[in-house]
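*Asks:*
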């Protein structure tokens with residue numbers, strides 16, 4: 001069993017990121033109630049392996065475990081999510097339909113904070129993105145991770161982080177305006 | 184720079200990941216190319232919309248309890264040890280405690296030396312973090328200072344100056360009541376691009392224009408100055424140069440406003 005100092009270190013370095021872990025699970029699982037179970041198992045798994053962790057970025061390390069747990073959960077339920085991270089491909093039909101339904105102009109650039117109705121649209125549009133694009137926007141905009149940290153969490157090269165983030169923003173922008181993406 | 188290069192680079196720019204060497208070329212391109220500038224503006228707005236307005240889900244109490252029990256049973260923790268997992272901790276308390284825990288663990292014991300001012304600064308930082316959580320940013324939301332200023336009437340024993348700095352690129356977002364040192368203070372919210380700037384105004388400043396102080400805390404820049412008997416705390420993740428610029432303009436405009444009234 002890990003010793004006291006390990007527990008103290010875990011409490012100090014990992015537990016402050018519990019909200020981030022749960023938030024990530026909620027977003028990846030599209031608000032499913034199972035996010036609680038997945039987040040809980042991820043934290044327990046993190047504790048199990050924590051003695052071997054000596055890196056600097058505990059948050060990225062924890063989120064990586066949460067992400068893997070979410071992907072495992074999704075794989076057990078193939079109907080809930082398309083797993084393919086098709087970088088430049090067409091949207092899956094169900095996503096396309098959701099995007100059309102969510103199609104709506106964003107407020108003018110001067111409106112600094114969006115209204116509740118628009119918040120709902122942005123959230124729906126985010127939820128409708130393929131998971132690879134959704135997760136990268138959550139990690140960047142909500143968890144405010146750097147490209148390097150995102151690469152560590154998602155296990156992809158930094159170059160792919162850049163292109164995928166650009167693509168995710170284009171898809172989201174497109175779905176909210178109803179425009180075609182310009183390449 | 185061509186538009187294809189700018190396309191790749193504007194995301195680096197937006198995310199503050201661009202190199203110093205590449206910045207001038209991209210900025211020149213965005214000034215000169217209306218199409219790229221329009222796309223960039225839109226992406227910046229969208230980025231801000233996600234950053235500020237999308238929900239950050241906090242761990243529900245029940246889950247907190249479940250994790251604590253599991254760590255107790257399987258990890259050998261004593262139940263009382265897991266202070267982060269105690270039931271009923273709200274996100275605000277957690278945000279504040281994280282700030283304190285980080286300060287305590289940062290080995291700069293001087294920070295925790297007990298200076299009153301320092302504790303206040305911790306609370307300013309906690310207030311800022313709290314405000315960034317969904318739904319806590321403003322009680323009164325308006326870009327019009329003539330709407331925001333009267334809102335504070337009767338809620339505080341000061342009338343904070345609310346100034347329009349939108350022409351300087353710092354539009355007003357709104358205001359709210361907040362608490363620092365167990366006392367209510369006025370919080371004014373401004374923006375710079377997708378950065379939120381909180382201005383906390385309390386009644387205990389000096390009447391003279393005291394020297395401003397500035398420092399960085401956990402990646403946030405904090406500036407403090409006194410004006411017209413009030414104390415102003417300015418905090419943001421905006422870079423220190425622009426924040427200093429903002430504080431100077433705010434201080435100047437606040438002086439003008441209090442001079443008029």
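Chains as they are written, first to last, in the working numbering: chain W, 1 to 183; chain P, 184 to 444.
The beta carbon of each residue, even a glycine, is placed where N, CA and C say it ideally should be.
(1) In whole angstroms, give me the CA-to-CA distance for residue 374 (chain P) and residue 356 (chain P).
(2) Going straight from the alpha carbon of residue 303 (chain P) to that of residue 22 (chain W), what length do you get?
(3) May I ask you to report which of helix, strand or coil DSSP gives residue 385 (chain P)?
(4) Which one of P:202, P:203 and P:343 has the shortest CA to CA distance from residue 148 (chain P)?
(5) Mind checking residue 276 (chain P): buried by the 16 CB within 10 Å criterion, or exposed?
(6) Three-state secondary structure (DSSP) at residue 242 (chain P)?
(7) Checking contacts by CB at 8 Å: is residue 141 (chain W) closer than that to chain P?
(8) Listing by chain order, which chain P residues have their CB less than 7 Å from the CB of residue 23 (chain W)?
(9) At which residues does the alpha helix (DSSP H) containing residue 418 (chain P) begin and terminate?
(10) Should residue 368 (chain P) and residue 383 (chain P) be called a contact, given that it needs their Cβ atoms to be closer than 8 Å?
(11) Which chain W residues are close to residue 260 (chain P), counting only those with a beta carbon under 7 Å from its beta carbon?
(12) Would you list the residues sitting across from residue 44 (chain W) in a DSSP beta bridge?
(13) Could you check how far apart the C-beta atoms of residue 13 (chain W) and residue 58 (chain W) are, in whole angstroms? I think they sit under 8 Å.
(14) What are the boundary residues of the alpha helix (DSSP H) that includes residue 344 (chain P)?
(15) If you compare alpha carbons, which of P:237, P:211 and P:345 is closest to residue 325 (chain P)?
(16) At a cut of 8 Å, does the segment 212-226 of chain P reach the segment 121-131 of chain W through at least three beta carbon pairs?
(17) Does any residue of chain P bring its CB to less than 8 Å from the CB of residue 67 (chain W)?
(18) At a Cβ threshold of 8 Å, is residue 313 (chain P) touching chain W?
(19) Can you check which of these residues, W:161, W:155, W:136 and W:123, is closest to residue 175 (chain W) by C-alpha distance?
(20) Name the DSSP bridge partner or partners of residue 157 (chain W)?
(21) For residue 347 (chain P), which residues in the same chain have their Cβ closer than 7 Å to its Cβ, ignoring the five residues on either side in sequence?
(22) Per DSSP, which residues does residue 353 (chain P) bridge with? Please list them.
(23) Once the 5 residues before and after residue 432 (chain P) are set aside, which same chain residues still bring their CB inside 6 Å of it?
(24) Quick one: measure Cβ to Cβ for residue 308 (chain P) and residue 418 (chain P), integer angstroms, because I've assumed they're closer than 8 Å.
(25) Within its chain, find whatever has a CB closer than 6 Å to the CB of residue 158 (chain W); leave out the 5 residues flanking it on each side and keep chain order.
(26) For the beta strand (DSSP E) holding residue 227 (chain P), just list the boundary residues, first then last.
(27) For residue 147 (chain W), return the contacting residues in chain P, with the cut-off set at a CB-CB distance below 8 Å.
(28) Tell me whether residue 371 (chain P) sits in a helix, a strand or coil according to DSSP, three-state version.
(29) List the residues that DSSP assigns as beta-bridge partners of residue 203 (chain P).
(30) Quick check on DSSP: helix, strand or coil for residue 148 (chain W)?
(31) If residue 231 (chain P) sits next to residue 377 (chain P), beta carbons under 8 Å apart, how far is it from one beta carbon to the other, in whole angstroms?
(32) Could you check the C-alpha separation between residue 36 (chain W) and residue 153 (chain W) for me, to the nearest Å?
(33) Which residue from P:195, P:185 and P:186 puts its Cα closest to that of residue 164 (chain W)?
(34) Do we get a CB-CB distance below 8 Å when we pair residue 89 (chain W) with the residues of chain P?
(35) Distance check for residue 321 (chain P) and residue 18 (chain W), CA to CA, integer angstroms please.
(36) Among W:121, W:29 and W:133, which has the Cα closest to the Cα of residue 171 (chain W)?
*Replies:* From the atom records:
(1) If you number the second chain from 1, residue 374 (chain P) lands on position 191. If you number the second chain from 1, residue 356 (chain P) lands on position 173. Roughly 7 Å separates the two Cα atoms.
(2) Counting from one through the second chain, the residue named residue 303 (chain P) turns up at place 120. Counting from one through the first chain, the residue named residue 22 (chain W) turns up at place 22. The straight-line gap from Cα to Cα measures roughly 30 Å.
(3) The sequence position of residue 385 (chain P) within the second chain is 202, counting from 1. Strand.
(4) The question about residue 148 (chain P) has no answer here: the residues shown for chain P are numbered 184 through 444.
(5) Taking the second chain and counting its residues from 1, the one referred to as residue 276 (chain P) is at position 93. Note that residue 276 (chain P) scores a pLDDT of 48, beneath 50, so its modelled location is shaky and nothing firm can be said.
(6) Within the second chain, the letter at position 59 stands for residue 242 (chain P). The answer is coil: DSSP assigns residue 242 (chain P) none of H, G, I, E or B.
(7) By one-based count along the first chain, residue 141 (chain W) stands at place 141. Interface residue, yes.
(8) Your numbering for residue 23 (chain W) matches position 23 in the first chain. By Cβ distance, chain P contributes 239 and 240.
(9) To locate residue 418 (chain P), count along the second chain from 1; it is residue 235. Note, residue 418 (chain P): premise wrong, no alpha helix (DSSP H); beta strand (DSSP E) at 413-419.
(10) Residue numbering aside, residue 368 (chain P) sits at position 185 when the second chain is read from its first letter. Residue numbering aside, residue 383 (chain P) sits at position 200 when the second chain is read from its first letter. Yes.
(11) On the second chain, residue 260 (chain P) is found 77 positions in, with the first residue counted as 1. Here the neighbours are 7.
(12) To locate residue 44 (chain W), count along the first chain from 1; it is residue 44. BP columns for residue 44 (chain W) are empty, so no partner.
(13) For the purposes of this step, residue 13 (chain W) is taken as residue 13 along the first chain, with counting starting at 1. For the purposes of this step, residue 58 (chain W) is taken as residue 58 along the first chain, with counting starting at 1. Residue 13 (chain W) to residue 58 (chain W), Cβ: 4 Å. Contact.
(14) The count along the second chain starts at 1 and reaches residue 344 (chain P) at position 161. From DSSP, residue 344 (chain P) is part of no alpha helix (DSSP H); its letter is neither H nor E.
(15) Counting from one through the second chain, the residue named residue 325 (chain P) turns up at place 142. Comparing Cα positions, the closest option is P:345.
(16) no
(17) As a position in the first chain, residue 67 (chain W) is number 67, starting the count at 1. No, its Cβ sits nowhere closer than 8 Å to a Cβ of chain P.
(18) As a first step, residue 313 (chain P) is located in the second chain; it is residue number 130 there, counting from the start. At a cut-off of 8 Å between beta carbons, residue 313 (chain P) makes no contact with chain W.
(19) Against the first chain, residue 175 (chain W) aligns to sequence position 175. Taking only the C-alpha atoms, the option nearest residue 175 (chain W) is W:123.
(20) Here residue 157 (chain W) corresponds to residue number 157 of the first chain, with the count starting at 1. The partner list for residue 157 (chain W) (beta bridge, DSSP) is empty, contrary to what the question assumes.
(21) The residue you call residue 347 (chain P) lines up with position 164 of the second chain. Once the five neighbours on either side are set aside, the close Cβ partners of residue 347 (chain P) are 328 and 355.
(22) The residue you call residue 353 (chain P) lines up with position 170 of the second chain. Answer is P:348.
(23) In the second chain, residue 432 (chain P) corresponds to position 249, counting from 1. 348 and 351.
(24) The sequence position of residue 308 (chain P) within the second chain is 125, counting from 1. The sequence position of residue 418 (chain P) within the second chain is 235, counting from 1. About 7 Å; that satisfies the 8 Å criterion.
(25) As a first step, residue 158 (chain W) is located in the first chain; it is residue number 158 there, counting from the start. So the list reads 147 and 151, once near-sequence residues are dropped.
(26) The sequence position of residue 227 (chain P) within the second chain is 44, counting from 1. Here residue 227 (chain P) belongs to no beta strand (DSSP E); instead the alpha helix (DSSP H) covers 217-236.
(27) Along the first chain, read from residue 1 onward, the residue named residue 147 (chain W) stands at position 147. Within chain P, the residues near residue 147 (chain W) are 198 and 200.
(28) Sequence index remark: in the second chain, residue 371 (chain P) carries index 188 (1-based). Residue 371 (chain P) falls in the strand class under three-state DSSP.
(29) For the purposes of this step, residue 203 (chain P) is taken as the residue at position 20 of the second chain. None, per the DSSP bridge assignment.
(30) The count along the first chain starts at 1 and reaches residue 148 (chain W) at position 148. Residue 148 (chain W): helix per DSSP, three-state reduction.
(31) Taking the second chain and counting its residues from 1, one reaches residue 231 (chain P) at position 48. Taking the second chain and counting its residues from 1, one reaches residue 377 (chain P) at position 194. About 4 Å separates the CB atoms of residue 231 (chain P) and residue 377 (chain P); that is less than 8 Å, so the two are in contact.
(32) Residue mapping note: residue 36 (chain W) aligns to position 36 of the first chain, counting from 1. Residue mapping note: residue 153 (chain W) aligns to position 153 of the first chain, counting from 1. Looking at the two C-alpha atoms, the distance is approximately 20 Å.
(33) By one-based count along the first chain, residue 164 (chain W) stands at place 164. Residue 164 (chain W) has its Cα closest to that of P:195, out of P:195, P:185 and P:186.
(34) Position 89 of the first chain, counting from 1, holds the residue named residue 89 (chain W). Bear in mind that a pLDDT of 38 at residue 89 (chain W), under 50, signals an unreliable position, so the model cannot answer this.
(35) In the first chain, the residue the question calls residue 18 (chain W) occupies position 18. In the second chain, the residue the question calls residue 321 (chain P) occupies position 138. If I take the Cα positions, the gap works out to 26 Å.
(36) In the first chain, residue 171 (chain W) corresponds to position 171, counting from 1. For residue 171 (chain W), the closest of W:121, W:29 and W:133 by C-alpha to C-alpha distance is W:133.
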